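Residues in the sequence shown are numbered consecutively from 1417, following this note's numbering. What follows is a short report on a single structure.
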Amino acid sequence: MSQFELLDQMTEASGGVLTTAAVLEAGISKSVLSKYVAAKEYERVSHGVYLAPDAWADRMYLLSLRCPQIVFSHDTALFFHDLTDREPMRYSVTVKTGYNPTHLAAEGVKVYTVKKALYEIGIETGTTPFGHRVPVYDVERTICDTIRSRSGIEVQTLQGALKQYARRQDKDLLRLMEYAKLFHVERILRQYLEVLL
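What follows is the structure, encoded as structure tokens:
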């Protein structure tokens, strides 16, 4: 099998996206990748990330590849967890304090920052509508984040998410209350839950 054929297979397996890191890991040089990208007219979507001309652009996945430090959160995570039926117009992500979010904000991404100790709590992997895996906060962390940032989120969105969460079979109220203490939203969360449960 030629290196171009191997790159064809890698492209197909990844839904039309090639990364320099994956190509190098497969033992193919950057010069071969450059020739392949030029010959196949791939679009360079960011440093080290290329999109096939016939591929659908999974914006969430491409954003995750470009910025591996981000975790999808808030209203975007609500969408991942089926706690809202509206796909967000702007993606919401969380990064560690100290990360420079200027380029993300310029692209219309809503960026939240948290201290390092809170950043890692509740990270899991979610699946985009295109089938790619990306980091997202778990459902309990998402509820706490949404309550913490309630001034920037529509009241109907928050109330709808809490109602949907209360109906879920897989809810973990113990974890939710642990997170609520860590994020200092325990009192507000209890008020909401008293009405819903």
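Built from N, CA and C at the ideal position, the CB exists for glycine as well. Remember, it's a predicted structure, so these values are computed and weren't measured experimentally.
Bridge partners of Leu-1520 according to DSSP: none are assigned. Taking a 10 Å sphere around the C-beta of Lys-1526, we find 16 or more other C-beta atoms and assign the residue as buried. Per DSSP, Gly-1568 lies in no beta strand (DSSP E) segment and is marked neither H nor E. With distances taken between CA atoms, Ala-1577 lies nearest to Asp-1491 out of Val-1550, His-1519 and Asp-1491. The stretch 1536–1546 and the stretch 1453–1461 do not touch, with fewer than three beta-carbon pairs separated by less than 8 Å. Annotated as distal: Gln-1485 and Tyr-1507, with beta-carbon spacing of 8 Å or more. For Glu-1594, the enclosing alpha helix (DSSP H) stretches over residues 1589–1598. Here Met-1476 really is in contact with Thr-1544; their C-beta atoms are around 5 Å apart, less than 8 Å. In the structure shown, Glu-1536 falls within a coil segment according to DSSP collapsed to helix, strand and coil.
For Phe-1488, the beta-bridge partners assigned by DSSP are Val-1509 and Val-1552. Counting only the Cα atoms, Phe-1496 lies some 10 Å from Arg-1502. Asp-1498 and Ile-1559 have their C-alpha atoms some 12 Å from each other. With fewer than 16 other CB atoms across the displayed protein chains lying within 10 angstroms of its CB, Glu-1421 is exposed. Three or more Cβ pairs closer than 8 Å define a contact, and the stretch 1590–1601 meets that threshold against the stretch 1560–1571. Sixteen is the threshold: since fewer than 16 other Cβ atoms of the shown chains lie within 10 Å of the Cβ of Thr-1518, the residue is exposed. Here Lys-1531 carries a coil assignment [DSSP, helix/strand/coil].
Looking at Ala-1493, Arg-1460, Tyr-1553 and Leu-1589, the one whose alpha-carbon comes closest to that of Arg-1482 is Arg-1460. Non-local beta-carbon contacts of Tyr-1608 in its own chain, meaning distances under 6 Å to residues more than five positions away in sequence, involve Leu-1578 in chain order. Secondary structure in the stretch 1420–1481: the alpha helix (DSSP H) runs of 4 residues or longer, each lying completely within the stretch, are 1436–1441 and 1446–1456 in chain order. Beta-bridge analysis with DSSP links Lys-1526 to Ser-1508.
By a beta-carbon distance limit of 8 Å, Tyr-1553 contacts Ala-1493. Their separation comes to about 5 Å.
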